[in-house]
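Written below as structure tokens is the structure these notes are about.
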Amino acid sequence: MKEKLKEALAIALEGAHVGAGDIPLEHPTELENGDYSSGVALQRAKRAAMAPRTLAEFVVSQLGTIEGVSKIEVAGAGFINFYLTPAALAEAVETARKEDMWGSGTLNAGKKIMVEYTDPNPFKEFHIGHLMSNAIGESIARLMQFSGADVKRANYQGDVGPHVAKAIWGVEKLGVDPHDSAQLGKAYAAGAQAYESDAATKAEIDALNAKVYDRSDPKINKIYDAGRKASLTHFEELYKILGTKFDYSFFESETAPRGLTIVKKHPKVFEESDGAVVFKGEKVGLHTRVFVTSKGLPTYETKDLGLAQMKSETWPFDQSITVTANEQSDYFKVVLAAMKEVLPDVASKVRHISHGMMRFAEGKMSSRTGNVITGESLLTDLTEAAKVRAAESRADNADILAQQIAVAAIKYQILKQASGKDIIFDRERALSLEGDSGPYLQYAHARAHQLVEKAGSEGVALRFPKGDALGIPESANELVRLLHRFPESVEYAAAHSEPHLLTNYLLEFAAAFNSWYAQVHVLDGTPEAAHKVALVDAVRRTLKNGLWILGIPAPEKM
RNA sequence: GCCCUCGUAGUUCAACGGAUAGAACUGCGCUCUUCUAAGGCGUUAAUGUAGGUUCGAUUCCUACCGAGGGCACCA
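If you read the first sequence in my numbering, its first letter stands for residue 617, the second for the next number, and so on.
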């Protein structure tokens, strides 16, 4: 429909000799302004040497009748508003009910996209930044799937590097069990603190770091192997709760040697400076970064080159997206500049999407102080809080429901705002399960689901007569028109890689449903009940698919 | 010092250069002898400052003020 209207507008504009160029066409914010609206007359009035309204009226006179459009109006300063026919809207309801992938499109059809996100480090806590990367990355992966792409999920984990040495130092010092993932976080915190506090310990840990890389000390290898496994196993448990299943796992222990090989092959790109090997970003307006330390160890920069190469060899992609905190934005630009010189084919396909930091009133959270709210503890706390309500619900298993609600509450808070911006963490707000929240969407879905179930058990057939204006109850007009926008909302969010654009839509849609639900009795025994239930069925499928794209579970009972 | 983000109701967030700047939370009032009140209905309240570009600016540009992040061997 969207393309059809654009085409019709372009042809009509030819009459005024201003047909060239992209035609703006949007869903007006206010439903009273129609189902589609174009500001093209305002945009081109000057070129056509006409007043905007005059041009708009001329265009409308040229349009004639368009199938599926009941009314075309000129409004405001010169907007051209299109109103769809009940039949066209009813078709959306039917599609929603029949197609499992309702809402999907072809924007990225055939494209192979790898999305890398979460990226926690073994031996360290799973902190809130990982939770954010996971929520955003998972949702972007699903948005891409809904826009037709072939998607692979990748996780990149730092199983070597200074943080590992710090943790192992802590394990030995504190005498904790490296098989216990919870103890490793504490060991790391102790090591990180000691590293900063005195030079002797720093040298000790640096030496340990070298041993981790070359695996020359059997005793350290033993701690390392146990700790790595314990961490990874534990992360898997969290992914299961969060609803992520990775296709590929990459490790720094693998990317480090690859990266080193690449760097050594390009002595003209990377130069020596103070004993280290660096890339001078200044030549492209950036800053210098160290790729190999004076001790000969690869930094994260070098590992990232190795990673990019490894990814493209593992699964040749058209696009590779990496989701990390925006504190790495400038870092990424330098790595990308270096990559352009040494791996140009790969560099042209990689993209960095950054998310903001989750902050408390006191400032940035740090995983180095050891005294933080981790991603895991946040999940646990919210699950506990949700159990009170879950116990009073209709759910078959209150504990599972509580966990689903906790995941919804956290993810929604992350996904409701533009991803580059910091999120001010408000515990009270996160714990609240009302209003503009994940549970609100879940609740709307559960109510719709139960209503359809009830209709089924009462033998009410679901009918939504195609092309019959009576199929849409007058009271549901707004709801149906919003439902019709779902596929385009998904496409819009996918085009911008911005889950919050879909979140905004779903909130508005759920609110429209809740409002309608409060004022209408669906199963009222009249023939129209069949139409109303069919609409509820379409609503629940829209909410279900929408929640799925956000990576939020949609329980059927609450 | 240089670079990158960002300043919108009391608070946390929306608004693809367009129509009356939307929600939610908080406050106050109403609403379950009708399918789930985690719901619904009503009510108050905002674009940091100064310029500029534009028919039109929260959105683009410049300066200032304020917040956050980054800038050589951490990730």
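Glycine is no exception: its CB is placed at the ideal position from the N, C-alpha and C atoms. Computed from a prediction, not measured in an experiment: that's the story for all the values here.
In whole angstroms, what is the alpha-carbon distance linking residue i and residue j?
i	j	result
L876	V906	12 Å
V685	L998	47 Å
D833	Q1033	48 Å
F1129	Q1066	14 Å
L1166	L824	42 Å
E820	V792	19 Å
P883	E732	29 Å
F866	Y772	5 Å
I1021	Q935	33 Å
K622	I1039	38 Å
T711	V1076	20 Å
A1060	D1140	20 Å
A626	R660	12 Å
K881	F895	14 Å
R984	I1088	Here R984 scores only 36 on pLDDT, less than 50, and its place in the model should not be relied on; the value that follows carries that caveat. Whole-angstrom Cα-Cα distance: 58 Å.
E1107	R758	12 Å
T1142	V1068	16 Å
L1163	E943	29 Å
L995	G859	13 Å
G1072	A703	26 Å
A977	F1041	Reliability of the predicted coordinates at A977 is poor, the pLDDT of 48 falling under 50, and no value is obtained from them.
S1009	A1064	15 Å
S1131	Y1121	15 Å
I937	D775	21 Å
K835	A816	21 Å
I696	Y652	8 Å
L1123	L1117	10 Å
V958	V885	8 Å
E852	R1005	28 Å
Have a look at the DSSP bridge pairing and note the partners of residue i.
i	result
H743	T990
Y699	K687
Q935	I729
R905	F895
H968	T938
Q925	Note: Q925 sits in no beta bridge, so no partner.
Q773	F867
K768	M730
M974	I1039
E888	V893
S654	I696
E642	S653
P914	V908
Quick one: using the 10 Å Cβ neighbour count with 16 as the cut-off for buried, is residue i buried or exposed?
i	result
N1013	exposed
M730	buried
P1055	buried
H1027	In the sequence under discussion, the amino acid at residue 1027 is Lys, which differs from the His named in the question. It is buried - the Cβ of K1027 has at least 16 other Cβ atoms within 10 Å.
H1137	exposed
H1112	exposed
T1119	buried
A1158	Residue identity differs from the one stated: residue 1158 is Thr in this sequence, not Ala. Buried is the call here.
H795	exposed
I1016	exposed
R769	buried
R940	Contrary to the premise, residue 940 reads as Thr rather than Arg in this sequence. So T940 counts as buried.
S1053	buried
P932	exposed
G922	buried
K662	exposed
For the putative contact between residue i and residue j, defined by C-beta atoms under 8 Å, what is the C-beta separation to the nearest angstrom?
i	j	result
S945	S970	5 Å
Y811	K782	6 Å
Q1029	M1174	Q1029 to M1174, Cβ: 19 Å. No contact.
S763	N724	4 Å
G590	Y699	Nothing about residue 590 can be read from this structure; the chain reaches only from 617 to 1174.
I839	I878	Going by Cβ atoms, the distance from I839 to I878 rounds to 30 Å, so no, they are not a contact pair.
M955	A924	6 Å
V787	A803	5 Å
F857	Q1019	Note that residue 857 corresponds to Ile in the displayed sequence, not to Phe. The pair is a contact, with the Cβ atoms about 6 Å apart (cut-off 8 Å).
Take every Cβ of the stretch 854 to 871, pair it with every Cβ of the stretch 918 to 933, and state whether three or more of those distances are shorter than 8 Å.
yes
At least 3 beta-carbon pairs within less than 8 Å: the stretch 842 to 850 vs the stretch 748 to 756
no
Quick check: the stretch 992 to 1009 against the stretch 1046 to 1062, are there 3 or more CB pairs under 8 Å?
Verdict: yes, contact present.
Can at least three beta-carbon pairs, one atom from the stretch 894 to 903 and one from the stretch 715 to 726, be found at a separation below 8 Å?
Two segments are said to touch when three or more pairs of C-beta atoms, one from each, lie closer than 8 Å; by this definition the stretch 894 to 903 does not touch the stretch 715 to 726.
Do the stretch 742 to 750 and the stretch 987 to 996 make contact, defined as three or more Cβ pairs closer than 8 Å?
Output reads yes: the stretch 987 to 996 touches the stretch 742 to 750.
Would you say the stretch 629 to 640 touches the stretch 671 to 680, given that touching needs at least three Cβ pairs under 8 Å?
yes
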